[in-house]
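Colleague: Take this structure first; my questions come after.
Structural data, given as structure tokens:
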């Protein structure tokens, strides 16, 4: 039996690399399964969603093995797996999905009906998402492997682009989903709220989809500088100049065709004083203010049903003071929820392999060792404009 190590959540503000069990062909309830594979993890990323848990902003239990952004090599195969073989290099959608239920068949794999006894939708290493062990580890189990896994063709070529391909498990499809559901198309003017990795992935996706102008807004000067260096326009929300005026300075009018919320429930207010404090409805309200009538708003930013660290009692239960009447009056369309990664990852893989998108540079991928993961969490939370990618076996740190 091989050993295993993983990144474990120990309580608010604390993660640690520990020895953890080597994966078994079992679901979280202990039932033996034949449809899974065990992967040697090639890369596994730190996500902003992980940070919500580590900050203590969810009901995540201590001892949770983190990580849902996984790329790996197949090392063991269940007897029911038909399309995978030992040695295959694969990208793992962060959604755990069965492929059999109604929602999976409708490509809504983010809300699979069977992989989580508590609610619709499953994910690796995440609170309330079915108990599947996370992939910030050396080895991980992937169930329903024939359905879930995306095989990366041509291993040698894939390893040359592994810094980009590691983004296929979550961040790039999530940004793309935000742009698609916002209705981005050729000639669109687009506002992206948030210059973190998901916001930058959404901005890159908007550009891939043909947007004429992409504006990225944030309160963090380092992240804004990085966004500007990638060729995007920026809006500095730490300034007292209102967002619509900053947009007007860029476009000649105070509105955009569509927008993406890549911030979520830990949003801060706008302006010099407002940006120092949490105001969880700020982003959604500001987007309704600047999106034209009949425009669309994509919301890949995370919102939760329970937030122990919220600024008020209502927000602790996911209730926000949203100006829904404004959105209704402007005939806005809103799209929320977990990204159905499988809906996009094959096409985005091709875009990466044929140099249509350089996502690693855009989101600031930096490769670190598994032992450096706790340090990576700290730097990410400090707002460093990087996307930390953990290389548990030192397979591509020089790539």
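In my numbering, the protein residues as written are 700 to 1098.
Cβ atoms here follow ideal geometry from the backbone N, Cα and C, with glycine treated the same way.
Given the structure is predicted, the values throughout are model-derived calculations rather than measurements.
#1: Can you check which of these residues, 832, 802 and 751, is closest to residue 703 by C-alpha distance?
#2: Quick check: residue 757 and residue 751, are their CB atoms within less than 7 Å of each other?
#3: With DSSP as the reference, label residue 966 as helix, strand or coil.
#4: To the nearest angstrom, report how far apart residue 1079 and residue 1055 are at their CA atoms.
#5: Using a Cβ-Cβ cut-off of 7 Å (strictly less than) and excluding sequence neighbours within five positions of residue 908, which residues of its own chain qualify?
#6: Following the continuous beta strand (DSSP E) through residue 717, name the residue where it begins and the one where it ends.
#7: What is the DSSP secondary structure of residue 989, reduced to helix, strand or coil?
#8: What are the partner residues of residue 933, as DSSP defines its beta bridges?
#9: Counting only the same chain and skipping the five closest in sequence on each side, list residues whose C-beta sits under 6 Å from that of residue 944.
#10: Tell me the DSSP secondary structure of residue 702 in three-state form.
#11: Go ahead and label residue 893 buried or exposed: buried means 16 or more other beta carbons lie within 10 angstroms of its beta carbon, across all protein chains shown.
#12: Could you please give the first and the last residue of the uninterrupted alpha helix (DSSP H) stretch that includes residue 943?
#13: Tell me, which residues are paired with residue 1090 by DSSP?
#14: Measure the C-alpha to C-alpha separation of residue 904 and residue 793 and round it to an integer number of angstroms.
#15: Among all the DSSP beta bridges, which residues are the ones paired with residue 957?
#16: As a quick exercise: from 1071, 1095, 1070 and 1047, pick the residue whose alpha carbon is nearest that of residue 849.
#17: Could you check how far apart the C-beta atoms of residue 823 and residue 767 are, in whole angstroms? I think they sit under 8 Å.
#18: Skipping 5 residues on each side, what residues in its chain have a beta carbon closer than 8 Å to that of residue 1060?
#19: Using 8 Å for Cβ pairs, my map puts residue 887 next to residue 911. What's the rounded Cβ distance?
#20: For residue 808 versus residue 800, is the C-beta spacing smaller than 7 Å?
#21: Can you name, in chain order, every residue of its own chain whose Cβ lies under 6 Å from the Cβ of residue 754, other than the five neighbours on each side?
#22: To which residues of the same chain is residue 980 closer than 7 Å at the C-beta, ignoring the five residues directly before and after it?
#23: Between which two residues does the beta strand (DSSP E) harbouring residue 771 extend?
#24: Our contact map puts residue 773 next to residue 738 with C-beta atoms below 8 Å; I'd like the distance itself, whole angstroms only.
#25: Taking its Cβ as the centre, do 16 or more other Cβ atoms sit within 10 Å of residue 1098, making it buried, or is it exposed?
#26: With three or more beta-carbon pairs closer than 8 Å as the criterion, would you say the segment 1025-1042 touches the segment 980-996?
#27: Check the C-beta distance from residue 960 over to residue 990 and give it rounded, since I have them as a contact under 8 Å.
#28: Do residue 839 and residue 740 have their beta-carbon atoms positioned less than 7 Å apart in this structure?
#29: According to DSSP, which residues form a beta bridge with residue 739?
#30: Which of the three DSSP states, helix, strand or coil, is assigned to residue 815?
#31: DSSP three-state label for residue 730, please.
#32: Taking C-beta to C-beta, are residue 841 and residue 810 nearer than 7 Å?
#33: With 16 as the cutoff for other CB atoms within 10 Å, does residue 865 come out buried or exposed?
#34: So, helix, strand or coil for residue 878, using DSSP?
#35: Would you check if the distance between the CB atom of residue 856 and the CB atom of residue 874 is smaller than 7 Å?
#36: Do you know whose CA, among 925, 988 and 1045, lies nearest residue 867's CA?
Modeller: According to the data block:
#1: Locating residue 703 in the chain shown gives position 4, counting from the first residue. When each option's Cα is compared against that of residue 703, the closest is 832.
#2: One-based indexing of the chain shown puts residue 757 at position 58. One-based indexing of the chain shown puts residue 751 at position 52. Closer than 7 Å, so yes.
#3: The sequence position of residue 966 within the chain shown is 267, counting from 1. Here residue 966 sits in coil by DSSP.
#4: Looking up residue 1079 in the chain shown gives position 380. Looking up residue 1055 in the chain shown gives position 356. As the crow flies, the alpha-carbon of residue 1079 is around 27 Å from that of residue 1055.
#5: Your numbering for residue 908 matches position 209 in the chain shown. For residue 908, where only same-chain residues beyond five positions count, the Cβ hits under 7 Å are 878, 883 and 884.
#6: Sequence index remark: in the chain shown, residue 717 carries index 18 (1-based). Here the beta strand (DSSP E) through residue 717 covers 713-718.
#7: Within the chain shown, numbered from 1, the residue matching residue 989 stands at position 290. Secondary structure at residue 989: helix, using DSSP grouped into helix, strand and coil.
#8: The residue labelled residue 933 in the question sits at position 234 within the chain shown. Its beta-bridge partners are 915.
#9: Along the chain shown, one-based indexing puts residue 944 at 245. Excluding sequence positions up to five before and after residue 944, its CB lies less than 6 Å from no other CB in the same chain.
#10: For the purposes of this step, residue 702 is identified with residue 3 of the chain shown, where counting begins at 1. Here residue 702 sits in coil by DSSP.
#11: Mapped onto the chain shown, residue 893 falls at position 194. Looking at its Cβ environment, which holds 16 or more other Cβ atoms inside 10 Å, residue 893 is buried.
#12: On the chain shown, residue 943 is found 244 positions in, with the first residue counted as 1. Residue 943 -> alpha helix (DSSP H) spans 942-950.
#13: By 1-based counting over the chain shown, the position of residue 1090 is 391. In DSSP, residue 1090 forms a bridge with 1068.
#14: The residue labelled residue 904 in the question sits at position 205 within the chain shown. The residue labelled residue 793 in the question sits at position 94 within the chain shown. Distance between the alpha carbons of residue 904 and residue 793 is about 19 Å.
#15: Counting from one through the chain shown, the residue named residue 957 turns up at place 258. Among the bridge pairs identified by DSSP, residue 957 is matched with 889 and 995.
#16: Mapped onto the chain shown, residue 849 falls at position 150. The residue with the shortest Cα to Cα distance from residue 849 is 1047.
#17: Position 124 of the chain shown, counting from 1, holds the residue named residue 823. Position 68 of the chain shown, counting from 1, holds the residue named residue 767. Yes, they are in contact, since the Cβ atoms of residue 823 and residue 767 sit about 4 Å apart, within 8 Å.
#18: Counting from one through the chain shown, the residue named residue 1060 turns up at place 361. Hits under 8 Å: 929.
#19: Here residue 887 refers to the residue found at position 188 of the chain shown. Here residue 911 refers to the residue found at position 212 of the chain shown. Residue 911 and residue 887 do touch by the CB rule: their CB atoms are close to 6 Å apart, below 8 Å.
#20: If you number the chain shown from 1, residue 808 lands on position 109. If you number the chain shown from 1, residue 800 lands on position 101. For residue 808 and residue 800, no; Cβs fall outside 7 Å.
#21: Along the chain shown, read from residue 1 onward, the residue named residue 754 stands at position 55. The answer is none, since no qualifying residue turns up.
#22: As a working note, residue 980 is residue 281 in the chain shown. These residues qualify, in order along the chain: 1019, 1020 and 1021.
#23: Mapped onto the chain shown, residue 771 falls at position 72. First-last of the beta strand (DSSP E) with residue 771: 769-776.
#24: Numbered from 1 along the chain shown, position 74 holds the residue referred to as residue 773. Numbered from 1 along the chain shown, position 39 holds the residue referred to as residue 738. Taking C-beta atoms under 8 Å as the contact rule, residue 773 and residue 738 qualify, at a distance of about 6 Å.
#25: Start at 1 with the first residue of the chain shown, and residue 1098 comes out as number 399. Confidence in residue 1098 is poor, its pLDDT being 46 and thus under 50, which makes the residue's placement too unreliable to answer from.
#26: Touching, yes, given that three or more Cβ pairs across the two stretches are closer than 8 Å.
#27: For the purposes of this step, residue 960 is taken as the residue at position 261 of the chain shown. For the purposes of this step, residue 990 is taken as the residue at position 291 of the chain shown. The pair is not a contact, with the Cβ atoms about 11 Å apart (cut-off 8 Å).
#28: For the purposes of this step, residue 740 is identified with residue 41 of the chain shown, where counting begins at 1. For the purposes of this step, residue 839 is identified with residue 140 of the chain shown, where counting begins at 1. Closer than 7 Å, so yes.
#29: Counting from one through the chain shown, the residue named residue 739 turns up at place 40. As a beta-bridge residue in DSSP terms, residue 739 pairs with 772 and 838.
#30: As a working mapping, residue 815 is identified with position 116 in the chain shown. DSSP, read as helix, strand or coil, puts residue 815 in coil.
#31: Residue 730 sits at position 31 when you count from the first residue of the chain shown. Three-state DSSP puts residue 730 in coil, outside helix and strand.
#32: Position 142 of the chain shown, counting from 1, holds the residue named residue 841. Position 111 of the chain shown, counting from 1, holds the residue named residue 810. Using a Cβ distance threshold of 7 Å, residue 841 and residue 810 do not count as a contacting pair.
#33: Walking along the chain shown from the start, residue 865 turns up at place 166. Under this definition residue 865 is a buried residue.
#34: Here residue 878 refers to the residue found at position 179 when the chain shown is read from its first residue. Look at residue 878 here: in three-state DSSP terms it is helix.
#35: As a first step, residue 856 must be located in the chain shown, where it is residue number 157. As a first step, residue 874 must be located in the chain shown, where it is residue number 175. The criterion of a C-beta distance shorter than 7 Å is not satisfied by residue 856 and residue 874.
#36: Here residue 867 is taken as the residue at index 168 of the chain shown, counted from 1. For residue 867, the nearest C-alpha among the options comes from 1045.
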